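Here the structure comes first, spelled out in structure tokens, and everything after it is commentary.
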Amino acid sequence: MDLNVKRWRANVFLFEEDGETAATAVLETGANTIHGVGSAKRNPADFDVEGIGDELAAGRALIALGRRLLGITEEDIAQVEGHPVHVSE
Numbered sequence: 000m001d002l003n004v005k006r007w008r009a010n011v012f013l014f015e016e017d018g019e020t021a022a023t024a025v026l027e028t029g030a031n032t033i034h035g036v037g038s039a040k041r042n043p044a045d046f047d048v049e050g051i052g053d054e055l056a057a058g059r060a061l062i063a064l065g066r067r068l069l070g071i072t073e074e075d076i077a078q079v080e081g082h083p084v085h086v087s088e
């Protein structure tokens, strides 16, 4: 049995200013670089808890990245099969 191992790198970059957090998730596959973005804004009435904005913005960026990757997969399959396709999450 031949095991083929590939390594893809994912990084999440967080930017915070005045109660708003933005995140960019970047996936490097070797052949492509794919991005997803997300954000979070603290309600002024909420407690200022360290890390929650980071978690929310990063989670949203990673979800966006995953959806983008699925979209690319659909495009690739459609190109091979010659008709539109849909892959489920």
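In numbering that gives the first Met the number 0, the protein residues as written are 0 to 88. We treat Cβ as the ideally placed atom computed from N, Cα and C, and that holds for glycine. Source: prediction; values computed, not measured.
Counting every other CB atom within 10 Å of its CB across the protein chains shown gives residue 9 a total below 16, marking it as exposed.
Nearest in C-alpha terms to residue 20, of all of 38, 4, 33 and 3, is 38.
In summary, residue 30 is exposed, with fewer than 16 beta-carbon neighbours lying within 10 Å of its beta-carbon over all protein chains present. Exposure of residue 77 is indicated by the presence of fewer than 16 other C-beta atoms within 10 angstroms of its C-beta. Distances from the alpha-carbon of residue 71 to those of 18, 15, 34 and 6 put 34 closest.
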